[in-house]
Amino acid sequence: MVLAADGDAFSVGGDLLAISAADDREQYVEDLAETLHRAISDLHNLNAIVVSVMAGVTAGAGVALAAAADVVLAADSARFSIAYTKVGLSPDGGTSLVRTAPSPVPHPPQPTPHG
884 MVLAADGDAF
894 SVGGDLLAIS
904 AADDREQYVE
914 DLAETLHRAI
924 SDLHNLNAIV
934 VSVMAGVTAG
944 AGVALAAAAD
954 VVLAADSARF
964 SIAYTKVGLS
974 PDGGTSLVRT
984 APSPVPHPPQ
994 PTPHG
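Its first residue numbered 884, the sequence shown is counted upward by one per residue in the working numbering.
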């Protein structure tokens with residue numbers, strides 16, 4: 884299974900305007916988190932290899948979703964942001980684990996002409 888976006892971003896994170904406009908913000912965020920956790924759990928339990936392909940921005944819960952894949956491919960244009968704390972929220976979807984995960988494998992060295 885391949886997770887990818889068609890556009891300039893894999894995920895821009897949660898809709899903060901929708902959260903702030905919700906009648907019951909706490910319940911709204913709880914429902915979002917439950918949906919995210921279920922999606923991540925379902926990805927982990929799939930009987931298939933999951934590959935996420937990122938280009939452009941991947942933010943918030945999108946980072947957790949992308950990191951749930953077995954293989955993560957990031958273009959040179961990929962940018963990641965886990966900004967929950969900037970809006971007073973705690974990281975969710977396992978992103979606190981993502982922040983401490985090993986760095987991705989660097990590009991292999993490019994061949995150089997021998998002269």
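Glycine residues also receive a C-beta, built at the ideal position from the N, C-alpha and C atoms.
Query raised in the report: How is S960 classed by DSSP in three states: helix, strand or coil?
Result: Start at 1 with the first residue of the sequence shown, and residue 960 comes out as number 77. Here S960 sits in coil by DSSP.
Report task. Measure how close the beta-carbons of R962 and G939 come, nearest whole angstrom, since I'm counting them as under 8 Å. Result -> For the purposes of this step, residue 962 is taken as the residue at position 79 of the sequence shown. For the purposes of this step, residue 939 is taken as the residue at position 56 of the sequence shown. Yes, they are in contact, since the Cβ atoms of R962 and G939 sit about 7 Å apart, within 8 Å.
For a test of the three-state rule: what should DSSP assign to A931, helix, strand or coil? If you number the sequence shown from 1, residue 931 lands on position 48. In this structure, A931 counts as coil in the three-state DSSP scheme.
Taking N928 as the reference, give the member of D907, A952, A947 and G897 with the closest Cα. Locating residue 928 in the sequence shown gives position 45, counting from the first residue. For the residues D907, A952, A947 and G897, the minimum Cα distance to N928 belongs to A952.
Take S935 and list the residues in its own chain whose beta-carbon comes closer than 6 Å to its own, dropping the five residues that flank it on each side. Within the sequence shown, the letter at position 52 stands for residue 935. Within the same chain, S935 has close Cβ partners L886, A949, A952 and V955.
Within 10 angstroms of its Cβ, does A1004 collect 16 or more other Cβ (buried), or is it exposed? Since the displayed the chain opens at 884 and closes at 998, residue 1004 lies outside it and no answer follows.
Exercise. Could you tell me if M884 is buried or exposed, where buried requires 16 or more neighbouring beta carbons within 10 angstroms of its beta carbon?
Key: For the purposes of this step, residue 884 is identified with residue 1 of the sequence shown, where counting begins at 1. When all chains shown are included, M884 counts as exposed.
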